[in-house]
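K.L.:
Have a look at the structure that comes next, please.
There are 2 protein chains.
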Amino acid sequence: MTSYAAPIDDMQFILHDMLDAPSSDIPGYGDLDRDFTAAIIGEAGKLGSEVLHPLNAVGDREGCRLENGTVRTPTGFADAFDALRDGGWTGLDCDPAFGGQGLPYLLQSAVGEVFVSSNMAFNMYAGLTHGAYSAIHTHGSDDQKATYLPHLVSARWTGTMNLTEPHCGTDLGLMRTRAEPAGDGSYVITGQKIFISAGDHDLTENIIHLVLARIPDGPAGIKGISLFIVPKYLPDADGLPGAANAVSVGKIEEKMGIHGNATCVMNYDGATGFLLGGEHKGMRAMFTMMNEARISVGLQGYAQAELAYQNARDYARERLQGRDVTGARAPDLPADPLIVHPDIRRNLMDQKAFVEGARALVFWAAHLIDRSARSGDGEADGLVSLLTPVIKGVLSDRGFDSTVAAQQVFGGHGYVTETGMSQFVRDARITMIYEGANGVQALDLVGRKLAQDGGRHMMAFFDEIKTFIAENKADAALNADFLEPLKAASKDLQAAAMYFMQEGVKNPHAALAGSYDFMHLFGHVCLGYMWARMARAAGTARAAGTATDAFCDTKLTTGRHYMTRQIPATRLHLARITAGPDHVMALDDDAF
Amino acid sequence: MTSYAAPIDDMQFILHDMLDAPSSDIPGYGDLDRDFTAAIIGEAGKLGSEVLHPLNAVGDREGCRLENGTVRTPTGFADAFDALRDGGWTGLDCDPAFGGQGLPYLLQSAVGEVFVSSNMAFNMYAGLTHGAYSAIHTHGSDDQKATYLPHLVSARWTGTMNLTEPHCGTDLGLMRTRAEPAGDGSYVITGQKIFISAGDHDLTENIIHLVLARIPDGPAGIKGISLFIVPKYLPDADGLPGAANAVSVGKIEEKMGIHGNATCVMNYDGATGFLLGGEHKGMRAMFTMMNEARISVGLQGYAQAELAYQNARDYARERLQGRDVTGARAPDLPADPLIVHPDIRRNLMDQKAFVEGARALVFWAAHLIDRSARSGDGEADGLVSLLTPVIKGVLSDRGFDSTVAAQQVFGGHGYVTETGMSQFVRDARITMIYEGANGVQALDLVGRKLAQDGGRHMMAFFDEIKTFIAENKADAALNADFLEPLKAASKDLQAAAMYFMQEGVKNPHAALAGSYDFMHLFGHVCLGYMWARMARAAGTARAAGTATDAFCDTKLTTGRHYMTRQIPATRLHLARITAGPDHVMALDDDAF
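What follows is the structure, encoded as C-alpha cells:
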C-alpha cells in the first residue's frame, strides 16, 4: 500500500547548491560531481523503492522467529541483503585497504537516508555492521583489522553492539558481564546482554559481536570496562567461520515496532572474546560506534518522517473529502481532495519544512565529519561532537511527531494496519529511545558538550551563524525572511546558555531541569540556520540554473513556513529554561 | 506488569473543593456529598483496579476474533462485563424511568475516567451504549424508548454508532447507505459502514445499531440523511431479541491499538431499521451522540495519560540508574532511582500538570452539562458547545503526547511489549482520530463555534475568566503565580480571535490555516483557568481542613509548573496564527 521515491532533487540541491561539495578541499570530495551523486542516489533509490520498500510491511507483519537457536528473518530479507551486498552498498565509505570504496561519509549519508526511508528495520542489519567496522578500524590491531574488516565491508559478516544489561542501560558503570583472561591472550566472556539489535539472523555466515565487559580486578564503575570482539563463529586459520562460540540467543523481544529487525537477549556463556582497544578502554572504543550511531538515529528520525510525508501527501492529493471553504476546486468530482483544506496543508508544510531542514542538518554534519576525518580538522570534530546530541535528540523527537502528523492525514484509515501508516509511527518511536534515550542526549549536551574545551565549540557555532548573517544581510529579502528570525533564535540560545553558566554553577539542577528544552532550542537554531543557508542557495541555484524556478520557489516558501511558524518556539523553550528548577525539583518523591 | 489506582483524592478535591458540587442548585447535586462520591469512586476504583485493568493487556494481546459471523471478545471480557452490569455501573446517570440511577453526569464522568484508565478498549462497549441511550432518550418515540432504553440502561443490550463509509468519513454528505420505506413504517437499510467500534461481540444478547442512511428522493448532501435504529435481533412482541436482522460483520479491522474492542465493517443487506427523530433529521440526532462522544474522547485522552503517568512514576521510583548530580541520594544502593534526575522530574511534572488540569476541565464541562440538562441553562449549553472541540482535540493530542512521555521514562523497556507502556501509546493514538479527527475539531471550533450566536459563548468564556481574576486578585500570591499568567494567555486568545474576525472575513483561509493553533491556544487558556481555580481551591481546602497540607502544597507546585512551563505556549500559537495563511496556501498541489 505504501510507496517511496528517493528525494533526489532535494539531496542534489543540498549536496551541490548548499554545500557545494565538489569544490571542497576535503580529500575525496572532488569526485562528487553532480552527475556522479545523482547516479549513485538514483541507483540507491531504485534498490530502495523496488526491493527494500516492498519488504517494509512484510517485515512488520512477519517479524523474526527463533528456530533452533537461530533467528529467521522475514520473507525476502535474505535476498534483499544479497542485493545490497552485491551492489557494493555496504562499503561505500569504507577504507579501500579493506575493500571499501572510500567515498565520503556525506554521500554515505544520502544513500543511508534512502535505505532507511525504504525499510528502517532491514537497514539496521547493515547499519550496525558499519558501526562495528568503524570501531575495529579505529581501535583494532592490524591482525584484527585484517581478520574482520574485509568481511564487514563486504557484509559477508555483520556486526552488533552489546552494551545494555537487564539492570543497566544508561548507567553502564553497573555492568556485570565478566571477561576473564584465558591465558592465551583471549578472554572468557560471561554474562547477559539485552536489546541487541540484529543480535542474530540468517542473512550472513557470521556475526561479530562487540561486547562491553568487565575484566576482574579492574577499576570499579565505568572506568573498568573493556570492549571485546566476540564472533558468533570463531575465525579459523584461513579466516573463515570456524568453531561455534559460546554465544546464544535467549529470546527475541516482542516490541512496538521495527519487527523486521531481531532485538535479542544474548547470552555469553564462557564465550571467547578478543580485546579491542586496550584494557579498560572500552568506553572510548564504544563511543566511536556510539557517536556514529547517534547521528544515524537522527537520520532515521527524519528519514522515517520523509517516508510518512510522501505517503500522507499522496493520500491528501487523492482522497476526496469536503470542499475548499472558498469554493469547489474540483466541481466535477463529488468532493475536493484533502489537500485543499488549510489545516491539511498546514500539517503537510510542517512535515515538509522539518524533513528538508533535518536533511540539510545531517548532510552538513556529515560534511563536518568528513572534514574532521579526512582533513584532520579538530574544529570540525569539536562542532560535530557538540551537534551530535542535538541531531540525535531533536531529529528523532520531531521525526516521530512528524510521522504521527502524517498518520493523522489519513484519519481512521491511518489507524488501521492496512495503510501502513501505523507501522511508520511504531517504527519511528524507537529512535527517541535507542543509542541513549533523548533525555540522556540532553544531559550529554548540557552536562558535557556545552562547556567542552572551555565552551569553544559552542562559541564556534555562534560565530558561524553570526558570520553567515553578516555576510548575507545585504540581501534584503533574505535578511527579512530568514536572517532576522535566525538572529532572534540564536539570541535565545545564547541567553539560555548564559543562564546555565550563571545558575548552573550554583545549582546543577538549574541547568539540567532545562536540558531538554535547551536541546530543542538548539535544534531550532540549527534548522533555522539550515533554512537560511538553503534560502541563499536557492538564490544562487536559480541564478546558475542548477535548480528550476519551481524548485527554488517551493524551497523558499517552505523555508518561510519554518521561519514564521516553527522557529518562534525558541522563545517558549527559553521561557521554560529560565523558569528554573524550583517547581521541577520541589516535590518529595512520594508526592508524585 | 502495569497497575492502576483510582486518583480518588484528586477527584474529591475537584468535585468538592474546586466545584463545591453539593452546594450547587442543580437538581441532584445535593446528593453528592463527600462521603457519597468517595464511596462511589472507591467502588469503581476497586472494580477498575482488580477486574478491568488486569484484562487490559489481555485484550491487547488476544484481540477479537470473528468466528462464524460472531465476534469473540478476549478472555475474561464477558465476565467483566457481567460485573460492570451487575454492579449497576452502566445506568449511573440514566433516567430512573428506564432503570437508571439518575445521578449527575459529573459523577458519571469521574467513574468513567476510572473505567477508561483501567481498560479503555473494554470500556468502549459500555461507552457507546451510553451514546445510543442518549440519542434514543432525546429523539425516540415513547414506544422506542420503552423498547430500547431499559435494555441499554441495564446493558443487557449494547449500542453502536454507524457513520463512516469507505469513501466518506468527515464528509457525511457523500453517504450512500440507503433506507427505503418498507411500507409498514419501517425501512429497509442497505449499505456498508466501516470503523464501527463494538460493532459485534459476545457480551450481550442484542446490539442496537444506530445507522445513518439516506432515504430516496430526499435532499442531496448532508441534509438528506436520517438516523435509524437497526437491532441485531429484532425485538419480538415481548420486547425480547427475536428474529435475526440482515446485518452482518464483514471483517474486524487490524489496527494499531484498542485491540480489545472489535472495530467492524458492518454490512446492512436489506436490514430492518426504524426511523429515529424524523426524516432527514439524522445529523441532529447523531450530534446528540457525537457531542457526548467527543467529551468522552477528551476524557479518554487524559485518562490514558493518567494510567501511563502512574506507571512511569512508579518505574521512576524503583529503577536504579545513575546518581543525583549533586550527590548520591541512595548511597547504600548501587545507583539512585531515576526520579532524582531533573529531566525525569521535568517529564513527570509535565505529565502530572497536564492530567490534573485536564481532569478539572472535563469535570467542569460535566458540571456545565448538568447545569444545561438539569436546570435548562442555555448559557451553560452554549459554553459546553464551544468547549467540546477544545476538550476533544486538545486533551487527546496532549494526552497522547503525555503517554509517549511516560513511555519514554522506561527507556528501552518502554519499547518492549512486556512492560505494557507501548500498548498505552498505541491505544491513546486513536483518541486523536475518532469522533472527528482533531483537524476537524479545530475546523468546528474556528469555522462554527467561535462565531456561534454572534460570538456570545466566546465572550462568556472571556467574561468568566475576567471575573475570576477580578474576584481573586487581592490574593497576592495567587495573583502573581496564577492570575497574571492566565491573564496574559487569555489576552493571546483574544488577540487570535480578533485576528480571525478581521482577516477571516476577507479570506477564510486566514482563519483556517491557524485553526489548529487556535484550538491548542484555547486549550492552554482552559487548563490555565482550571489551574487558577485549583490553586484558589487549595487555599480554601487548606483553611477548611478538607485536604492535607501536603496535598495542597503539591497541588500548588504542580500548578506553578503549568503556569511557568506550559501556558507560555500561547504566545507561540498566537505567533503562528498571525503569521497568516500565505505560506500555508502558497504551493501548488503538485509542489508538495
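These protein sequences, in sequence, are chains A and B.
With my numbering applied, the first sequence corresponds to residues 1 to 592, in that order.
With my numbering applied, the second sequence corresponds to residues 593 to 1184, in that order.
All residues carry an ideal CB built from backbone N, CA and C; glycine is no exception.
1) Hey, is the segment 657 to 675 of chain B in contact with the segment 729 to 741 of chain B, meaning 3+ C-beta pairs nearer than 8 Å?
2) Count the CB pairs spanning the segment 954 to 974 of chain B and the segment 1016 to 1023 of chain B that are closer than 8 Å, and state whether there are at least three.
3) Please report the residue range of the beta strand (DSSP E) in which ASN162 of chain A lies.
4) Can you tell me whether ASP397 of chain A is buried or exposed, with buried defined as 16 or more other CB within 10 angstroms of its CB?
5) Any contact of the segment 1155 to 1169 of chain B with the segment 566 to 577 of chain A, i.e. 3+ C-beta pairs under 8 Å?
6) Identify which residue in A:HIS259, A:ALA83, A:GLY257 has its Cα closest to the Cα of LEU203 of chain A.
7) DSSP has PHE820 of chain B in a bridge; who is on the other side?
8) By the criterion of Cβ-Cβ separation under 8 Å, what are the contact partners of THR164 of chain A in chain B?
9) Check whether the segment 1034 to 1047 of chain B touches the segment 968 to 981 of chain B, taking contact to mean three or more Cβ pairs, one atom from each stretch, closer than 8 Å.
10) Along chain A, in chain order, which residues have C-beta atoms closer than 7 Å to that of ALA1167 of chain B?
11) Does the separation of the CB atoms of GLY270 of chain A and VAL188 of chain A fall below 7 Å?
12) Please go through the same chain and pick out, in chain order, the residues whose beta-carbon is closer than 7 Å to the beta-carbon of MET458 of chain A, but skip the five residues on each side of it.
13) Any C-beta of chain B sitting closer than 7 Å to the C-beta of VAL58 of chain A?
14) Residues in the same chain with beta-carbon distance under 7 Å from TRP1123 of chain B, minus the five sequence neighbours each way, listed in chain order, please.
15) Based on the DSSP secondary-structure assignment, which residues constitute the bridge partners of ILE263 of chain A?
16) In angstroms with no decimal places, state the Cα-to-Cα distance between ASN507 of chain A and VAL446 of chain A.
17) For ALA897 of chain B, which residues in the same chain have their Cβ closer than 6 Å to its Cβ, ignoring the five residues on either side in sequence?
18) Closer than 7 Å, CB to CB, is SER197 of chain A near chain B or not?
19) SER3 of chain A: buried (16+ other C-beta within 10 angstroms of its C-beta) or exposed?
20) Whole angstroms are fine: how far does the CA of LEU276 of chain A sit from the CA of ASP33 of chain A?
21) Distance cutoff 7 Å, beta carbons only. Does GLN300 of chain A sit that close to anything in chain B?
22) Scan the segment 479 to 521 of chain A and note each continuous alpha helix (DSSP H) run of 4 residues or more that stays entirely inside, going in chain order.
23) Residues of chain B with CB under 9 Å from ASP171 of chain A, in chain order?
24) What does ILE344 of chain A touch in chain B if you count any residue whose Cβ is under 9 Å from its own?
25) When you compare each of A:VAL249, A:ALA244, A:GLY242, A:ASP171 to LEU212 of chain A by their alpha carbons, which one comes out closest?
26) How about ASP928 of chain B and ARG915 of chain B: are their beta carbons less than 7 Å apart?
27) List, in chain order, every chain A residue whose beta-carbon is nearer than 8 Å to that of SER709 of chain B.
28) Quick check on PHE1184 of chain B - is its C-beta less than 7 Å from some C-beta in chain A?
29) Counting contacts by CB-CB distance shorter than 7 Å, is GLY506 of chain A in contact with chain B?
30) For the segment 707 to 745 of chain B, which segments carrying the beta strand (DSSP E) assignment without a break, of at least 3 residues, lie completely within its bounds, in sequence order?
31) Are the C-beta atoms of ARG565 of chain A and some chain B residue less than 7 Å apart?
32) The segment 420 to 439 of chain A: which residues have C-beta closer than 8 Å to a C-beta of chain B, in chain order?
33) I believe ALA854 of chain B touches GLY791 of chain B by the beta-carbon criterion, under 8 Å. Please report the beta-carbon distance rounded to the nearest angstrom.
34) Cβ of ILE931 of chain B less than 7 Å from any chain A Cβ?
35) Only counting runs of 3 or more residues, tell me where the beta strand (DSSP E) segments fall wholly within the segment 351 to 398 of chain A, in order along the chain.
36) Going by the DSSP bridge assignment, what does TYR596 of chain B pair with across the sheet?
P.N.:
Taking the definition as stated:
1) They do not touch, by the three-pair rule.
2) no
3) It spans 157 to 162 - the beta strand (DSSP E) in which ASN162 of chain A sits, taken as one unbroken run.
4) buried
5) Output reads yes: the segment 566 to 577 of chain A touches the segment 1155 to 1169 of chain B.
6) Nearest C-alpha to LEU203 of chain A: A:ALA83.
7) B:VAL803, B:LEU867
8) The contacting residues are GLY1004.
9) Verdict: yes, contact present.
10) PRO568
11) yes
12) LEU386, LEU450, ALA497
13) no
14) GLY949, PHE1074, GLY1151, TYR1154, MET1155
15) For the record, residue 263 of chain A in the displayed sequence is Thr; it is not Ile. THR263 of chain A pairs with A:SER197.
16) Roughly 13 Å separates the two Cα atoms.
17) VAL947, GLY991, SER994, THR995
18) no
19) Its Cβ having fewer than 16 others within 10 Å, SER3 of chain A is exposed.
20) Going by the C-alpha atoms only, they are around 38 Å apart.
21) False, the Cβ-Cβ gap to chain B never drops below 7 Å.
22) 484 to 506, 508 to 512
23) LEU912, GLN913, GLY914, ARG915, PRO926, ALA927
24) GLY1031
25) Ranking A:VAL249, A:ALA244, A:GLY242, A:ASP171 by CA distance to the CA of LEU212 of chain A puts A:ASP171 first.
26) yes
27) Residues of chain A passing the Cβ test: none, with the nearest at roughly 17 Å.
28) yes
29) Note that residue 506 of chain A corresponds to Lys in the displayed sequence, not to Gly. No, its Cβ sits nowhere closer than 7 Å to a Cβ of chain B.
30) none
31) yes
32) SER422, VAL425, ARG426, ARG429, ILE430, MET432, ILE433, TYR434, ALA437, ASN438, GLY439
33) 6 Å
34) yes
35) none
36) In DSSP, TYR596 of chain B forms no bridge with anything.
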